[in-house]
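Student: For the record, the sequence lines run as chains V and Y.
Position 241 of the first sequence, counting from 1, maps to 241 under the working numbering, and the rest follow consecutively.
Position 680 of the second sequence, counting from 1, maps to 1276 under the working numbering, and the rest follow consecutively.
Glycine included, every Cβ here is placed at the ideal spot set by N, Cα and C.
Everything numeric in this text was worked out from a predicted model, so none of it was measured.
Let me give you the structure first, and then I'll get to my questions.
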Amino acid sequence: MTDTPKRDAIAFELFRNAIVALADEMSLTIYRASYSGVLKNIMDYSTALCDAEGRLVAQGLSLPGHLCSIPVALQAALAHFAGDIAEGDVITMNDPFQGGMHLPDIFVFRPLFHEGRIVAIAATICHHTDVGGRVAGSNASDSTEIYQEGLRIPPLKLHERGVPNATLLAIIERNVRVPDRVMGDLRAQLAACAIAERGMVDLVAAHGPDAVMALMQEVTDHTERMTRAAIAALPDGEAEFEDWIDDDQIDAGVPIRLFCRVTKRGDRMVMDWTGSSPQVKGAINNTLSYTRGASFTAAKCVLPPELPNNDGVFRIVDVIAPPGTIANAVLPAACAARGLTGFRMVDCAMGALAMLYPELVYAASDGGNTGISIGGWTKERRPFIYVDFLSGAWGGRPWADGLDGNTNMFANMASHSAEVIEAEQPLEVLCNEFVADTGGAGRYRGGVSIRRDWRFLEHEAVLQVRADRRTHRPYGLYGGEPGTPSLNMMNPGTEAEALLAAKLTMTIRNGDVFRHELPGAGGWGDPLTRDPEAVLADVVQELVTADAAARDYGVVLVAGKVDVVATEAMRERLTAARAWTATPRVSWTPWREAGQ
Amino acid sequence: MTASWRAGIDIGGTFTDIVLLSDEGAVRTRKVPSTVDDYARGIVEGLAVLLAEAAIAPDELAAVLHATTIGSNAVLERGGARTGLITTEGFRDTLEIRDLRMPRLYDVGWTKPPALVERRHRLGIAERTRADGTISRAPDEAEIEAAIGRLVDHGIESLAVCLINAHANGANERVVAAVAARIAPSLPVSLSHVVLPEIKEYPRTSTTVINAYLLPVVRAYLARLGNGMVSQRIAAPLMLMQSNGGLLPAAQAASLPMTIVESGPAAGVIGARALAQRLGIPRIVTFDMGGTTAKAAMVEEGEAARAAAFQVGGGIMQGSRLLTGGGYTLKVPAIDLAEVGAGGGSIVSLDAGGAPKVGPRSAGSRPGPVCYGFGGTEPTITDCALVLGWLDPAGLAGGAITLDRDAAAAALATRIAAPLGLTLEEAAHGMVRIAVATMMRAIRAVSVERGRDPRRFALFAFGGNGPLLGAAMAEELGMEAVMVPPAPGLFSAFGLLYADVEHHLSATFRGRLDKVSPTSFAAARNQLAAEAASRLADDGFPPARQAFTATAELRYVGQSSELPVALPEGDAAAVLAALPALFAAVHEQAFGYAAGPAEPVEIVAMQMIGRGIPVRPPVPERVVTDHRAAGGGSRRAYFGPHGWRDAPLLSRESAAAGAIGPAIVAEYDATCLVPPGWRVRGDAAGNLVLERG
């Protein structure tokens, strides 16, 4: 471990400020110039500056799930070209099996030169609305090999010595359903790279090329020192955790195992996914880079939030994932809908960390977003496609309730406005509301579910839903109860009401109402120790019913007040009834249903 | 007696700044302590004292212009009215679900700001308006009565109504309002289609709720202020500064309080805009640095850049304007201010990895910097400036606070200089440079985000600390000139005097430009203009003194965010035909590229600004401030690579006559630093101008 070079401490801080600001400016550029709502509303993109070897130095504000994708992809591209890179070249790629993640995520890299030498590399990744394949949006969870999923681009030059590669651009344009959006978003990525180039010219002018390269090294070294110190401050230990994805939609009803072992020794941490399921037929397989992103996201939640995102963190948190597993799939695995698995790996790694550090980690959240798409053709043969991602509940925390109506930690995304959906799509949104009694009971309650109902107004469409946590509910921790399962339903409250599977592809017709309810999040701590006044407040706000207050929390309410005596008696009764020999560390089913 | 003075009054957390300006250009300024229990009292008393001292009769006041933090404070401190919300069945939680996003990644400790209306006071009613404005279900009056009855029983003091698709047709909201007027006639009601007739239910709900939440508070405050003025025999009209930089008569501000939430920061920008315009300077960036934050805004060709929405209480943005969700969304056009948590009171420290840091923690005014002697132990930027010799140990605000240089030096030496192995002055200077780098991000945010190069702008520096670091900021950003206005430390109050009466209106109007009917386009534009004209007429502006600026929000079909494009005058069909090319030019400037002419462009909204043109320019060509400091002598001061130098202490007059840096211009309300390599002179409007070379 080396100290910050003291004479240069000020210059270092100034440089670090500048390079992080530059990565953020790239991010702003994409935000403002991009076409698609996926980028703008969901912010499913990232920008970064890397050193000449492709190591991440500064990442713009972005999706946590992209944390490791850029260096992995960039280093694969650099290896592919093996030095055959000239000034003015721009490289693109999306191949999950050569450093990418899933096909919609297209990378654009621009090496930044000074006098014939690469000083740094500007990097961007955007989730594009469509890259072809069998299903609009290129995001289907029921493809079984990558060849069904769309256009697969190995590392190629998008610009060669400043000249656009017309062949490649034409191939992309002909293979996607919405070429105006895809080409527009690619231009936004190029614009961000141009901003980076301008900024890097200024930095080189101010510091000189060698100093810039040395300072970039120091930025990551400094982060490494901070990360080591933060990890060293945690107690040593080892813990493992197992969680299950309901199924992959192809082998319906066959659960998929996720398994993570966290080992913390001194100033290093290892996250080992050995023991996770072999790769599956459905399109929820992860690449190693996404597994690493999920692992780092979980690790960062027990580290100080102000730690920068760069190579300095990656160096000292090791991630192990054997090839051929769902955590590190190989050809010809389908992976378009791997988002689900990423979210759930965060849950699983957090579970392992919760076993090690009970006071730092929350209970299971909603399990990540539900992906919903409704697409088809109008009677006039005009295409429509609606894609939305919903999430919303955080697990109860060791010190506070889980959040209601807040994005999952792994994807800081917004949802679409109901009024905009109605203005642009043949849909009417009937409901977007919390559901009472869905947050896992606990000393600290889990976040509640959100219900959304859509009525379809055109003649026919294909509805695709990728949800989970239907049979494997969001777990509660240390006595906390699990949250409620997710729910998909057609035409609720009518004679045609039908309960649907968590993952589905089906045809819907005019007037059909589709309902989705997100899972509720898990609770933390024994619900019978929850402050009765907090239970009362939830009842007053209609997030918990009076019945559930008595049943789950042993709190008896009379005339809008807590009946203290009756509550004590009720809690004694419940304590006896559940007959715990020890507080369960993890709960997958409410204790009343356990053993049934 | 003719009314020949106007007052500008700006409230801050510590001081209330009052500026009086005569038609002849005489200026009287005063900082008085803010009366936090009732800000109106401090204003009225301070104004009375200043009038008496200056021997100005109350009836000589022609107008009282006011910027207030009462709105933002009520939101930040959760001190607004107990508010109820009636919405469409199924959308009770729109206010709390928001857009789901959060401002902090990887932070399991994040807590959402609590909704301004608690869930039990948000009630849905069965009703429905379709996206096209047709009504598929009218509300049931009995259900509305029951809902309002329940809210009134719960002690609701203000009611917000936001129904789905009400921007397209407000009929169902008006039914709710009619029932409310019948059964609860004293309950103030804010309707979403009146407050913000724009698509997207969350921002419209949030904005309507903020309006309802503030309404009783602001109305009571303005009533107290009005009564206080009457008791002092001040009959001048009271006007409020809006977040967008225009003035609004007090009566209208009382019914649309959401327009005045960010009024203070806007006033300084408006003053800077007016001074720049008068001097023929086409492009400026304002830099307003106080004790805890620094704010930047961009003014181009006489117009301050505006944002369509902002977050109240979102915390200080840290170089990132994309991580929304920290505060309360207010979709009201506002001067686009970028803010960073760096000011004179920002604490300087070393992080866990040993790297130096400025902020985001601030010592505030209590305990304040170490040198204040109020118990502060952690050094701040002000302590650094004192150690460097930039500030006068004899004190601030005319000697109200004396500064302890030894204490500041000791704290800096042990906490920063020694661990870094730097000399005291190297450490202090380094920390100031880091503060400058932090604040640069605010300026880059407002300029680069719009595709503008800050080097083509002049820096307009004010606030208590703006003139101290203005030249350093300009140097880092490659800007050539810094302007420091008269009375820079209370320039926000001063800026009020330059503002015009303005009404900003908007409406959703959607369609592809090549398919929009010119008739409906003209009708929408005319309706907005008529509404603006009617409001201006209410304010006493005859048609000859009304000016209108219309803009369209445009995007390429497929894009999901818009750029504003000024609408040219003239025949609707010709305007529609010209817009794609105008849009392409704006897009090119903002993002460095434009799609080809074949790319379809769509319009999503239209905005109209109606401006009341004053009879004569509100501020004379040249103003002369009171509180003139004498200057004379010199002080040893440290300037980084230039080392320790003797810096002459100049009065504003001697600086205006021309001087070469290093020099220090110490005034009542701020200190202006002219570093080596910079010159200072005065301009025709009374500004100091710092230039390189």
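Let me know if D180(V) comes out buried or exposed under the rule of 16 or more other beta-carbons within 10 Å of its beta-carbon.
Tutor: In this structure D180(V) is buried. Its beta-carbon is surrounded by 16 or more other beta-carbon atoms within 10 angstroms.
Student: Are at least three pairs of beta-carbons, each pair with one atom in the stretch 378-385 of chain V and one in the stretch 415-423 of chain V, less than 8 Å apart?
Tutor: no
Student: I need the straight-line Cα distance from T801(Y) to R451(V), nearest angstrom please.
Tutor: 19 Å
Student: Rounded to whole angstroms, how far is the Cβ of M489(V) from the Cβ of D512(V), which I believe are closer than 8 Å?
Tutor: The pair is not a contact, with the Cβ atoms about 11 Å apart (cut-off 8 Å).
Student: Assuming contact is defined by CB atoms lying nearer than 7 Å, are R261(V) and E242(V) in contact in what I supplied?
Tutor: no
Student: Can you check whether the CB of I943(Y) is closer than 7 Å to the CB of T889(Y)?
Tutor: no
Student: Terminal residues of the continuous alpha helix (DSSP H) containing H1025(Y)?
Tutor: L1020 to V1044
Student: Alpha carbon to alpha carbon, how far is D267(V) from M1(V)? Give it in angstroms, no decimals.
Tutor: With a pLDDT of only 34 at M1(V), under 50, the local geometry of the prediction cannot be trusted, and the value read off the model is given with reservation. Going from the Cα of M1(V) to the Cα of D267(V) covers about 11 Å.
Student: Using a beta-carbon distance cut-off of less than 8 Å, what residues from the stretch 173-186 of chain V approach chain Y?
Tutor: V178, D180, R181 and G184
Student: Name the DSSP bridge partner or partners of D318(V)?
Tutor: Looking at the DSSP assignment, D318(V) forms a beta bridge with V270(V).
Student: So does the stretch 688-705 of chain Y actually touch the stretch 723-743 of chain Y, counting three or more Cβ pairs closer than 8 Å?
Tutor: no
Student: Does the Cβ-Cβ distance between G1059(Y) and G886(Y) come in under 7 Å?
Tutor: Taking the C-beta atoms as reference points, G886(Y) is found nearer than 7 Å to G1059(Y).
Student: Helix, strand or coil for N491(V)? Go by DSSP, reduced to three states.
Tutor: coil
Student: Going by CA-CA distance only, name the one from R602(Y), P878(Y) and D695(Y) that's closest to N406(V).
Tutor: D695(Y)
Student: Assuming G766(Y) and L792(Y) form a contact by the criterion Cβ under 8 Å, report the distance between their Cβ atoms to the nearest whole angstrom.
Tutor: Contact flag wrong, Cβ pair sits at about 11 Å.
Student: Touching or not, the stretch 613-626 of chain Y and the stretch 636-654 of chain Y, by the rule of three or more beta carbon pairs under 8 Å?
Tutor: yes
Student: Once you ignore the five residues that flank A548(V) on each side, which residues in its own chain have a CB closer than 8 Å to its CB?
Tutor: Sequence-distant Cβ neighbours of A548(V) in its own chain, meaning closer than 8 Å and more than five residues away, are A436, D437 and A441.
Student: List in chain order: all unbroken alpha helix (DSSP H) runs of 4+ residues lying wholly within the stretch 620-670 of chain Y.
Tutor: 635-649
Student: Does the CB of G1273(Y) have a neighbour CB from chain V at under 7 Å?
Tutor: no
Student: Does H516(V) have its Cβ less than 7 Å from a Cβ in chain Y?
Tutor: It does not: the Cβ of H516(V) has no partner Cβ on chain Y nearer than 7 Å.
Student: Per DSSP, which one or two residues make a beta bridge with V1296(Y)?
Tutor: There is simply no residue 1296(Y) to check, as chain Y begins at 597 and stops at 1289 in what is shown.
Student: So for G604(Y), helix, strand or coil by DSSP?
Tutor: Three-state result, G604(Y): strand.
Student: Pull up the distance between the alpha-carbon of Y147(V) and that of V330(V), whole angstroms please.
Tutor: 13 Å
Student: I'd like the span of the beta strand (DSSP E) that includes Q464(V), first residue to last.
Tutor: E460 to R466
Student: Can you tell me whether DSSP reads V713(Y) as helix, strand or coil?
Tutor: Secondary structure of V713(Y) (DSSP, three-state): coil.
Student: Quick check on DSSP: helix, strand or coil for L557(V)?
Tutor: strand
Student: Please look up how many angstroms separate the CB atoms of F592(V) and P519(V), rounded, as I've assumed it's under 8 Å.
Tutor: In the sequence under discussion, the amino acid at residue 592(V) is Arg, which differs from the Phe named in the question. So it is not a contact: roughly 19 Å between Cβ atoms.
Student: Output needed for G133(V): all residues of its chain with C-beta closer than 8 Å, excluding positions within five of it in sequence on either side, in chain order.
Tutor: L103, A140, S143, Q148, E149, G150, L151 and A336
Student: Could one say the Cβ of P104(V) lies closer than 7 Å to chain Y's Cβ atoms, at least one of them?
Tutor: No, no contact with chain Y.
Student: Would E797(Y) pass as an interface residue toward chain V - the criterion being a Cβ-Cβ separation below 7 Å?
Tutor: yes
Student: Kindly indicate which three-state DSSP category C431(V) falls into: helix, strand or coil?
Tutor: strand
Student: Out of L759(Y), G1282(Y) and R674(Y), which has the shortest C-alpha to C-alpha gap to R733(Y)?
Tutor: L759(Y)
Student: Can you pull the chain V neighbours of R1029(Y), defined as C-beta to C-beta under 8 Å?
Tutor: I10 and L14
Student: Residues of the stretch 948-974 of chain Y in Cβ contact with chain V at a cutoff of 8 Å, in chain order, please.
Tutor: A948, G949, G950, A951, P952 and K953
Student: Which residues in the same chain as L818(Y) place their Cβ atom closer than 6 Å to its Cβ, once the five residues preceding and following it in sequence are excluded?
Tutor: A846 and A850
Student: Who are the near neighbours of T291(V) in its chain, counting only those whose CB is closer than 8 Å to its CB and skipping five residues on each side?
Tutor: Close CB contacts of T291(V) within its chain, under the 8 Å cut and outside five residues either way in sequence, are with W273, V319, A321, A327, N328, G342 and M345 (chain order).
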